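Residue numbers (the working numbering): 1 to 82.
Next comes the structure, spelled out in structure tokens:
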């Protein structure tokens with residue numbers, strides 16, 4: 001079964017994804033905070049989500065960073081990943 005990478009979505013995309021799962025749109029804000037503010041990489045960490053939703057996410061979605069295709073380092077040491 002193919003799963004959806006939630007890191008590909010902005011907040012509006014997450015809201016649409018939640019609606020397709022039969023969930024309320026506010027769940028997208030919760031997911032967004034867990035992924036982008038708290039750095040969660042596993043749905044079991046998202047304790048303010050209902051267990052049934054976490055189980056649904058575990059079978060339909062994933063949180064997987066995109067691969068780095070190139071890395072550039074500037075003179076000041078800043079690194080840019082593409």
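For glycine and all other residues, C-beta sits at the position ideal for the given N, C-alpha and C.
Just so it is clear, the structure is predicted and the values come from calculations on it, not from any experiment.
| task | For residue 24, name the three-state secondary structure that DSSP assigns. | result | Along the chain shown, one-based indexing puts residue 24 at 24. Of the three classes helix, strand and coil, the one that applies to residue 24 here is coil, per DSSP.
| said: What does the Cβ neighbour count give for residue 23, buried or exposed, with the cut at 16 atoms within 10 Å? | reply: Taking the chain shown and counting its residues from 1, the one referred to as residue 23 is at position 23. Counting Cβ neighbours within 10 Å, residue 23 comes out buried, since at least 16 surround it.
| query | Closest to residue 85 by CA distance: which of 45, 47, 68, 57 is it? | reply | What the structure shows of the chain is the stretch from 1 to 82, and residue 85 is not part of that stretch, so it cannot be assessed.
| request: Just grab the DSSP bridge partners of residue 70 for me. | output: Stepping through the chain shown from its first residue, residue 70 is reached at position 70. Looking at the DSSP output, residue 70 shares a beta bridge with no other residue.
| request: For my contact list, residue 48 and residue 30 are in at a C-beta cut-off of 8 Å; report their separation, rounded to the angstrom. | output: Counting from 1 along the chain shown, the entry for residue 48 is found at position 48. Counting from 1 along the chain shown, the entry for residue 30 is found at position 30. Indeed, because the Cβ distance is near 6 Å, the residues count as touching under 8 Å.
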